[in-house]
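The numbers in this note's numbering rise by one with no breaks, and the one at position 143 of the sequence shown is 162. Glycine residues also receive a C-beta, built at the ideal position from the N, C-alpha and C atoms.
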Amino acid sequence: MKIILMRHGKPVLAQSGRITPVEMERWIEHYNLAEVEANGAPPIDGLPWLNASTCIAASTAPRALSSVQALGHTPSVVDAVFCEAQLPFAVWRFPRLPPVVWAALFRLFWFFGYSRGSESIQVARARAKIAARKLVALAGQGPVLLVGHGIMNRLIAKELIALGWAGPAKHRNSYWDTSVYRFPT
């Protein structure tokens, strides 16, 4: 049995210069609606597991769904349980920093328990446990490809390992990266 976790492609999102923490709420909303560049997908011939997958699962996020489409496929399963752990934001009106800096800071804060406007890390971990069990059930029918998101894929990976699956010890953090998990037989 095999489960492949793939991070979606790079979203098309205009950088908006420098913004305040309170403006991150709107930036996050736009990011959640962003799709990916269709021509940004890796060459299909370099993805041998893509056509070998009996099931392609995706989160409900437009960037995940458009990534599956960019790969020339349609997802078999679309479920919000696979969605990214949302970024928190703050209501401060200063300082002004690039959104990518705020995203990194707020993700770090999130890992330490700050979750204003988002689910907590504990809730995300519980959701990852549910997601891992869904993937394991789907893998009973054959190889599964999940087109998901960076942090949630890592949380799901931890749950797969806890269930006895073997996979890479470390994940890369770039678009279109994959991690393969196998159940020892």
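Exposed unless 16 or more other CB atoms sit within 10 angstroms - verdict on P114:
That one is exposed.
When we look at the beta-carbon of P187 and count the other beta-carbons within 10 Å, is it buried (16 or more) or exposed?
P187 comes out exposed.
Taking only three categories from DSSP, how would you classify G136?
Assignment of G136 by DSSP, reduced to helix, strand and coil, places it in the coil class.
Name the residue from L154, E42 and A60 whose alpha carbon lies nearest to the alpha carbon of L90.
Ranking L154, E42 and A60 by Cα distance to L90 puts A60 first.
Boundaries (first-last residue) of the alpha helix (DSSP H) holding K177
Residues G169 to A181.
Using only alpha-carbon positions, find the residue among V110, G136, L116 and A181 that is nearest to R144.
Per the Cα distances, A181.
Classify H49: buried if its beta carbon has 16 or more other beta carbons within 10 angstroms, exposed otherwise.
Classification of H49: exposed, given that the 10 Å Cβ count is below 16.
Which of helix, strand or coil DSSP assigns to A89
Assigned with DSSP and collapsed to three states, A89 falls in helix.
Can you say whether F131 is buried or exposed, counting buried as having 16 or more other CB atoms within 10 angstroms of its CB?
Around the CB of F131, fewer than 16 other CB atoms lie within 10 Å, so the residue is classed as exposed.
Would you identify the three-state DSSP class for M20, choosing helix, strand or coil?
Three-state result, M20: coil.
Taking all protein chains shown into account, decide if S198 is buried (16 or more other Cβ within 10 angstroms of its Cβ) or exposed.
It is buried - the Cβ of S198 has at least 16 other Cβ atoms within 10 Å.
Any idea if N172 is buried or exposed, counting beta-carbon neighbours within 10 angstroms, 16 or more meaning buried?
Flag for N172 reads buried.
Going by the beta-carbon positions, is the gap between L52 and P81 smaller than 8 Å?
Yes, they are a contact pair.
Same chain, Cβ closer than 8 Å to A147, neighbours up to 5 away in sequence not counted:
Exclusion of the five residues before and after A147 leaves M171, L174, I175, K177 and E178 as the residues of its chain whose Cβ lies within less than 8 Å of its Cβ.
Looking at chain C, is there any beta carbon in it that lies within less than 8 Å of the beta carbon of L52?
The displayed structure is made up of one protein chain only, and chain C is not part of it.
Can you grab the Cα-Cα spacing for the pair R45 / G169, in whole Å?
Their Cα atoms are separated by approximately 21 Å.
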